[in-house]
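J.: Mind looking over this structure? Questions follow.
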Amino acid sequence: MGLVGGGPGSFIGPVHAMAARLDGRIQLVAGAFSRDAARSREAAIGYGVAPERGYPSLDAMLAAEAQREDGIEFITIATPNAHHAVAAKAAIAAGVAVMSDKPMTATLDEAREIVAMLKHNPVPFGLTYTYSGYPLVREMRARIASGAIGTLRKVVVEYNQGWLAGDANGKQAEWRVDPRTAGLGGCIADIGVHAFQLAEFVTGTRVAQINADLGAVVPGRVLDDDCQMFLRFAGGARGLLMASQVMTGEGNDLAIRVYGDKGGMRWNQENPNQLTVLKAEGGMEIVRAGDPSLGTAAQASSRLPGGHPEGLLEALANLYTDFAGHLRGAPDTLVPSADEGLRGMALIATAVAASRDNAGWVDLAV
1 MGLVGGGPGS
11 FIGPVHAMAA
21 RLDGRIQLVA
31 GAFSRDAARS
41 REAAIGYGVA
51 PERGYPSLDA
61 MLAAEAQRED
71 GIEFITIATP
81 NAHHAVAAKA
91 AIAAGVAVMS
101 DKPMTATLDE
111 AREIVAMLKH
121 NPVPFGLTYT
131 YSGYPLVREM
141 RARIASGAIG
151 TLRKVVVEYN
161 QGWLAGDANG
171 KQAEWRVDPR
181 TAGLGGCIAD
191 IGVHAFQLAE
201 FVTGTRVAQI
211 NADLGAVVPG
221 RVLDDDCQMF
231 LRFAGGARGL
241 LMASQVMTGE
251 GNDLAIRVYG
261 DKGGMRWNQE
271 NPNQLTVLKA
281 EGGMEIVRAG
291 DPSLGTAAQA
301 SSRLPGGHPE
311 GLLEALANLY
321 TDFAGHLRGA
331 PDTLVPSADE
341 GLRGMALIAT
351 AVAASRDNAG
361 WVDLAV
């Protein structure tokens, strides 16, 4: 693995590095950690990478690593959104696989360009929609696919944060509210796409139409920091998506509730080791992570016996382990694909435009 971004002061770069290494199938061996050569070498040492493999640019890393017998097989992109497309396209052109942080790009056109490139040069490409790596999310998906809740009727997904309820101070906040680095969307691009991808991943059903209301609540802010939208799924189910970064006091309250004509299910990221199954005849079942009754996907995504909590790092590690398997030819992994990334970018572009224009219901067209 070669890491793009993740230099001194980075939050998400070290998270990716820890998760990728967790199961022992991936080694971080190089990185374009910073545009400053000295800082990139400094970061390399901090990650346990040979300092000469801390490069000042992605192009330099791709060129040098291509000459090595032990060169990188894939890159992870852990930079602000505006740099995602440039890095992804350079790697694809070089025949190097890509694992990208979400959202896929800064604009919908950039996402379309990447998907077009992949048709001509189909290197493995994945996205770190981390929450799809949780064992009980995968269990929820499998049970719904097997007909456990019957015909899908209602989906409610929300991602509530409060860390941007005031001034955006600090590196991690500042780039997320700046369209030059974040792209077209603010909250919708940072966490709204997580909620959207989770809804489609769990239900196995795509959103066909949206009715969006996005706003910049904090005075002076350009990009949205609060959003909500009604959803219409293919097949007729209805839904609601809410994402906000101005809900004062909230942490990372991502939750999903799904209902059919035979029952329902609900899961919350802040209590990720418990899945609640609601029954049409009354009552409920509490499914726990590590339970022996779990299906194949959930069991394969768990490392510890029940009662030993696993969290975000382990969920992200599941995506990396799946991606390592994909690089070795394993079929049918659950790593989110470029097509899912394209749908996320379509959501951002469509929601921003529809909210601005008071357009009401609009088709979600990729």
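Just so we're aligned, residue 1 is where the sequence shown starts under UniProt numbering, counting upward by one. Note that beta-carbon positions come from the ideal geometry of N, C-alpha and C, so glycine has one too.
What does a CB cutoff of less than 7 angstroms around residue 311 pick up in its chain, not counting 5 residues either side in sequence?
T.: Residue mapping note: residue 311 aligns to position 311 of the sequence shown, counting from 1. Here the set comprises 272.
J.: Can you tell me the Cβ-Cβ gap for residue 345 and residue 104, rounded? I've got them flagged as a contact below 8 angstroms.
T.: If you number the sequence shown from 1, residue 345 lands on position 345. If you number the sequence shown from 1, residue 104 lands on position 104. That pair is a contact at about 6 angstroms.
J.: So, helix, strand or coil for residue 77, using DSSP?
T.: As a position in the sequence shown, residue 77 is number 77, starting the count at 1. Residue state, collapsed to three classes: strand.
J.: Which complete beta strand (DSSP E) runs does the region 62-143 hold, if anything under 3 residues is left out?
T.: Segments of the beta strand (DSSP E) lying fully in the region 62-143: 74-78, 97-100, 125-127.
J.: From residue 282 to residue 153, what distance separates their C-alpha atoms?
T.: Translated into the one-based positions of the sequence shown, residue 282 becomes position 282. Translated into the one-based positions of the sequence shown, residue 153 becomes position 153. Taking the straight line from one Cα to the other gives about 18 angstroms.
J.: When burial is assigned at 16 or more other CB atoms within 10 Å of the CB, is residue 247 buried or exposed?
T.: Within the sequence shown, the letter at position 247 stands for residue 247. Residue 247 is buried by the Cβ-count criterion.
J.: Less than 9 angstroms separating the beta-carbons of residue 160 and residue 265?
T.: As a first step, residue 160 must be located in the sequence shown, where it is residue number 160. As a first step, residue 265 must be located in the sequence shown, where it is residue number 265. No; because the gap between Cβ atoms is not below 9 angstroms, this pair is not in contact.
J.: If you pair each beta-carbon of the region 290-306 with each one of the region 169-189, do three or more pairs fall below 8 angstroms?
T.: These segments do not touch.
J.: Can you confirm whether the region 128-138 touches the region 312-324 when touching is taken to mean that 3 or more C-beta pairs between the two stretches lie within less than 8 angstroms?
T.: These segments touch.
J.: Please tell me whether residue 61 and residue 72 are closer than 9 angstroms, where the distance is taken between their beta carbons.
T.: If you number the sequence shown from 1, residue 61 lands on position 61. If you number the sequence shown from 1, residue 72 lands on position 72. Yes.
J.: To which residues does DSSP link residue 2 through a beta bridge?
T.: On the sequence shown, position 2 is the one that residue 2 refers to. In the DSSP output, where bridge partners are listed per residue, residue 2 has 30, 75.
J.: By the DSSP assignment, the alpha helix (DSSP H) with residue 350 in it spans what residues?
T.: Along the sequence shown, one-based indexing puts residue 350 at 350. Looking at the DSSP string, the run of the alpha helix (DSSP H) that includes residue 350 is 338-356.
J.: Give me, in chain order, the residues of the same chain whose beta-carbon lies closer than 6 angstroms to that of residue 168; leave out the 5 immediate sequence neighbours on both sides.
T.: The residue labelled residue 168 in the question sits at position 168 within the sequence shown. If we look at residue 168 and ignore the five residues flanking it on each side, its Cβ neighbours are 174, 177.
J.: Rounded to whole angstroms, what is the Cα-Cα separation between residue 22 and residue 314?
T.: To locate residue 22, count along the sequence shown from 1; it is residue 22. To locate residue 314, count along the sequence shown from 1; it is residue 314. Between residue 22 and residue 314, the C-alpha separation is close to 8 angstroms.
J.: Expressed to the nearest angstrom, what Euclidean distance is found between the alpha-carbon atoms of residue 348 and residue 10?
T.: Sequence index remark: in the sequence shown, residue 348 carries index 348 (1-based). Sequence index remark: in the sequence shown, residue 10 carries index 10 (1-based). So the two alpha carbons sit approximately 25 angstroms from each other.
J.: Go through the region 242-291 residue by residue and report every complete run of the beta strand (DSSP E) that reaches 3 residues or more, in order.
T.: List check, beta strand (DSSP E) in window: 253-260, 263-268, 274-279, 284-288.
J.: Use the C-beta contact count for residue 116: other C-beta atoms within 10 angstroms, 16 or more gives buried, fewer gives exposed.
T.: Reading the sequence shown from its first residue, position 116 is the one you call residue 116. Classification of residue 116: exposed, given that the 10 Å Cβ count is below 16.
J.: Okay, do the region 22-32 and the region 40-60 touch, 3+ Cβ pairs below 8 angstroms being the bar?
T.: The answer is yes - the region 40-60 touches the region 22-32, with three or more Cβ pairs under 8 angstroms.
J.: Run through DSSP, which three-state label would residue 46 get?
T.: If you number the sequence shown from 1, residue 46 lands on position 46. Three-state DSSP puts residue 46 in a helix.
J.: Using the Cβ count rule (16 or more neighbours within 10 Å means buried), how would you classify residue 102?
T.: Mapped onto the sequence shown, residue 102 falls at position 102. Classification of residue 102: buried, given that the 10 Å Cβ count is 16 or more.
J.: Do you know offhand how far residue 355's Cα is from residue 222's?
T.: For the purposes of this step, residue 355 is taken as residue 355 along the sequence shown, with counting starting at 1. For the purposes of this step, residue 222 is taken as residue 222 along the sequence shown, with counting starting at 1. Computed Cα separation, rounded: 14 angstroms.
J.: What is the rounded straight-line gap between the Cα of residue 284 and the Cα of residue 206?
T.: Residue 284 sits at position 284 when you count from the first residue of the sequence shown. Residue 206 sits at position 206 when you count from the first residue of the sequence shown. Taking the straight line joining both Cα atoms gives about 27 angstroms.
J.: Between residue 77 and residue 15, is the Cβ-Cβ spacing less than 9 angstroms?
T.: Locating residue 77 in the sequence shown gives position 77, counting from the first residue. Locating residue 15 in the sequence shown gives position 15, counting from the first residue. Taking 9 angstroms as the Cβ cut-off, residue 77 and residue 15 do not qualify as a contacting pair.
J.: Using 10 angstroms around the beta-carbon of residue 18, count the other beta-carbons present and answer buried if the total reaches 16, otherwise exposed.
T.: In the sequence shown, counting from the first residue as 1, residue 18 sits at position 18. With fewer than 16 Cβ atoms within 10 Å of its Cβ, residue 18 is classed as exposed.
J.: When we look at the beta-carbon of residue 236 and count the other beta-carbons within 10 Å, is it buried (16 or more) or exposed?
T.: Along the sequence shown, one-based indexing puts residue 236 at 236. It is exposed - the Cβ of residue 236 has fewer than 16 other Cβ atoms within 10 Å.
J.: Pick from 257, 155, 276, 190: whose alpha carbon is nearest that of residue 233?
T.: Along the sequence shown, one-based indexing puts residue 233 at 233. Ranking 257, 155, 276, 190 by Cα distance to residue 233 puts 155 first.
J.: Kindly indicate which residue of 37, 85, 48 has the alpha-carbon position closest to the one of residue 341.
T.: By 1-based counting over the sequence shown, the position of residue 341 is 341. Closest option to residue 341, Cα to Cα, is 85.
J.: Counting only the same chain and skipping the five closest in sequence on each side, list residues whose C-beta sits under 8 angstroms from that of residue 204.
T.: Taking the sequence shown and counting its residues from 1, the one referred to as residue 204 is at position 204. Excluding positions up to five away in sequence, the list reads 141, 144, 145.
J.: For a cutoff of 9 angstroms on Cβ pairs, would you count residue 84 as touching chain D?
T.: Any reference to chain D falls outside this structure, which holds one protein chain only.
J.: With a Cβ-Cβ cutoff of 9 angstroms, do residue 256 and residue 230 count as a contact?
T.: Taking the sequence shown and counting its residues from 1, the one referred to as residue 256 is at position 256. Taking the sequence shown and counting its residues from 1, the one referred to as residue 230 is at position 230. For residue 256 and residue 230, no; Cβs fall outside 9 angstroms.
J.: Between the Cα of residue 106 and those of 166, 41, 39, 180, spot the shortest distance and give me the residue it belongs to.
T.: On the sequence shown, position 106 is the one that residue 106 refers to. Measuring from the Cα of residue 106, the nearest candidate turns out to be 180.
J.: Once you ignore the five residues that flank residue 336 on each side, which residues in its own chain have a CB closer than 7 angstroms to its CB?
T.: Within the sequence shown, the letter at position 336 stands for residue 336. Contacts found: 126, 127, 129, 132, 197.
J.: What's the C-alpha gap between residue 55 and residue 260?
T.: Position 55 of the sequence shown holds residue 55. Position 260 of the sequence shown holds residue 260. Cα to Cα, residue 55 sits roughly 52 angstroms from residue 260.
J.: Relative to the C-alpha of residue 300, which candidate in 70, 252, 41, 139 has its C-alpha closest?
T.: Along the sequence shown, one-based indexing puts residue 300 at 300. The residue with the shortest Cα to Cα distance from residue 300 is 139.
J.: What is the DSSP secondary structure of residue 177, counted as helix, strand or coil?
T.: In the sequence shown, counting from the first residue as 1, residue 177 sits at position 177. Reduced to three states, the DSSP call for residue 177 is coil.
J.: Where residue 213 and residue 325 are concerned, what is the direct C-alpha to C-alpha distance, given to the nearest angstrom?
T.: To locate residue 213, count along the sequence shown from 1; it is residue 213. To locate residue 325, count along the sequence shown from 1; it is residue 325. Straight-line Cα distance between these residues: approximately 40 angstroms.
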